[in-house]
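Student: One structure is given below, represented as C-alpha cells, and several questions about it will come after.
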Amino acid sequence: AQSVTQLGSHVSVSEGALVLLRCNYSSSVPPYLFWYVQYPNQGLQLLLKYTSAATLVKGINDFEAEFKKSETSFHLTKPSAHMSDAAEYFCAVSSTLSSGSARQLTFGSGTQLTVLP
Amino acid sequence: DTGVSQDPRHKITKRGQNVTFRCDPISEHNRLYWYRQTLGQGPEFLTYFQNEAQLEKSRLLSDRFSAERPKGSFSTLEIQRTEQGDSAMYLCASSLETRPSYEQYFGPGTRLTVT
Numbered sequence: 502a503q504s505v506t507q508l509g510s511h512v513s514v515s516e517g518a519l520v521l522l523r524c525n526y527s528s529s530v531p532p533y534l535f536w537y538v539q540y541p542n543q544g545l546q547l548l549l550k551y552t553s554a555a556t557l558v559k560g561i562n563d564f565e566a567e568f569k570k571s572e573t574s575f576h577l578t579k580p581s582a583h584m585s586d587a588a589e590y591f592c593a594v595s596s597t598l599s600s601g602s603a604r605q606l607t608f609g610s611g612t613q614l615t616v617l618p
Numbered sequence: 057d058t059g060v061s062q063d064p065r066h067k068i069t070k071r072g073q074n075v076t077f078r079c080d081p082i083s084e085h086n087r088l089y090w091y092r093q094t095l096g097q098g099p100e101f102l103t104y105f106q107n108e109a110q111l112e113k114s115r116l117l118s119d120r121f122s123a124e125r126p127k128g129s130f131s132t133l134e135i136q137r138t139e140q141g142d143s144a145m146y147l148c149a150s151s152l153e154t155r156p157s158y159e160q161y162f163g164p165g166t167r168l169t170v171t
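Chains as they are written, first to last, in the numbering used here: chain A, 502 to 618; chain B, 57 to 171.
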C-alpha cells in the first residue's frame with residue numbers, strides 16, 4: 502500500500518523566512534505525489550503535483566517541491582513566507598482503486614503552518 | 057462559479073438522528089469521490105462513483121453509511137443513527153474521466169457535529 506508521512510504537525514516561521522514542510526512516501530511503484538493546502542473551514546486546494554516528469558515541481562504562490570527517490574521524500578518549500586500562507590498543508594499520494602478504474606488520494610496527517618509577524 | 061459545491065456547510069445533529077449531505081460536482085465531471093476528515097487528520101477515502109455506478113467503497117464506510125448518485129450528477133451521503141465518532145468534515149471531489157483521475161477538485165466540505 503502507498504502512504505505518506507508528514508514530519509511535524511506544526512511548523513512556525515517568521516514572515517519572510519524560508520518555509521520547509523517535510524513529506525516522506527512509501528510506495529512499491531513510482532508514485533504520483535501532491536501537496537494540498539487547506540484554509541480554515543474550506544476544502545483542499547492543489548498546490549502542486551509530481552507525476553514522474555521533472556523532479557523539481559513548481560506550484561502556485563511560489564511553492565515548489567523536489568522529488569528525491571533516494572530519500573523517498575517530497576518536501577515542500579517556499580523561499581519567503583507570507584502571512585497569507587498560514588494554513589494546513591497536506592501531502593498526498595495517488596493509488597489505483599481496486600476496481601482499477603480510477604485512483605484515490607491517500608493523505609498525510611497534515612502540517613499546520615503558522616507565520617509569525 | 058462552477059466548482060464543486062456541498063450542502064449544507066455545517067450540520068449539528070443529536071446522536072441517533074439521520075443526516076444527509078449533498079454534493080454537486082463540476083459540470084460534466086463523471087467521477088465523484090467522498091472523503092472524511094476527522095480533526096487533526098488528513099482526508100480518508102470513503103467511496104467512488106463513475107457516473108451513477110458506485111464502484112468502490114472503503115472499509116471505513118460502515119453499513120450506517122449510504123451514498124447514491126442516481127442520475128450521475130449530484131450525489132448524496134446519508135448517515136443513519138449517527139454516533140459521536142461520525143463528527144468530521146465530509147469532503148466531496150470530482151474529476152473528469154478523460155483526465156487523470158488523480159486530478160480531483162474538492163468542494164468546501166460539510167462539517168458534521170454529533171452531540
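Built from N, CA and C at the ideal position, the CB exists for glycine as well.
1. Report yes or no: is there a C-beta of chain B within less than 8 Å of the C-beta of A/Tyr551?
2. Report all residues from its chain with a CB closer than 7 Å to the CB of A/Lys569; omit the five preceding and five following residues, and keep chain order.
3. To the nearest angstrom, report how far apart B/Lys67 and A/His576 are at their CA atoms.
4. Taking a cut of 7 Å between CB atoms, which residues from the region 115-141 of chain B lie near chain A?
5. Are the CB atoms of B/Phe77 and B/Thr138 within a distance shorter than 8 Å?
6. Please confirm if A/Gly609 has its CB atom under 8 Å from at least one CB of chain B.
7. Within the same chain, show all residues whose beta-carbon is closer than 7 Å to that of B/Gly128, passing over the 5 residues directly before and after it, in chain order.
8. With burial defined as no fewer than 16 other Cβ atoms inside 10 Å of the residue's Cβ, what is the status of B/Val40: buried or exposed?
9. Under DSSP, the beta strand (DSSP E) around A/Tyr533 begins and ends at which residues?
10. Looking at the secondary structure, which residues open and close the beta strand (DSSP E) in which A/Val530 lies?
11. Are the C-beta of A/Gly544 and some C-beta of chain B separated by less than 8 Å?
12. Between which two residues does the beta strand (DSSP E) carrying A/Ser504 extend?
Tutor: A quick look at the data gives this:
1. no
2. none
3. 35 Å
4. none
5. no
6. yes
7. Asn86, Asn107, Glu108
8. In the structure as shown, chain B begins at 57 and stops at 171. Residue 40 of chain B is therefore absent and cannot be evaluated.
9. 533-539
10. Per DSSP, A/Val530 belongs to no beta strand (DSSP E) and is neither H nor E.
11. yes
12. 504-508
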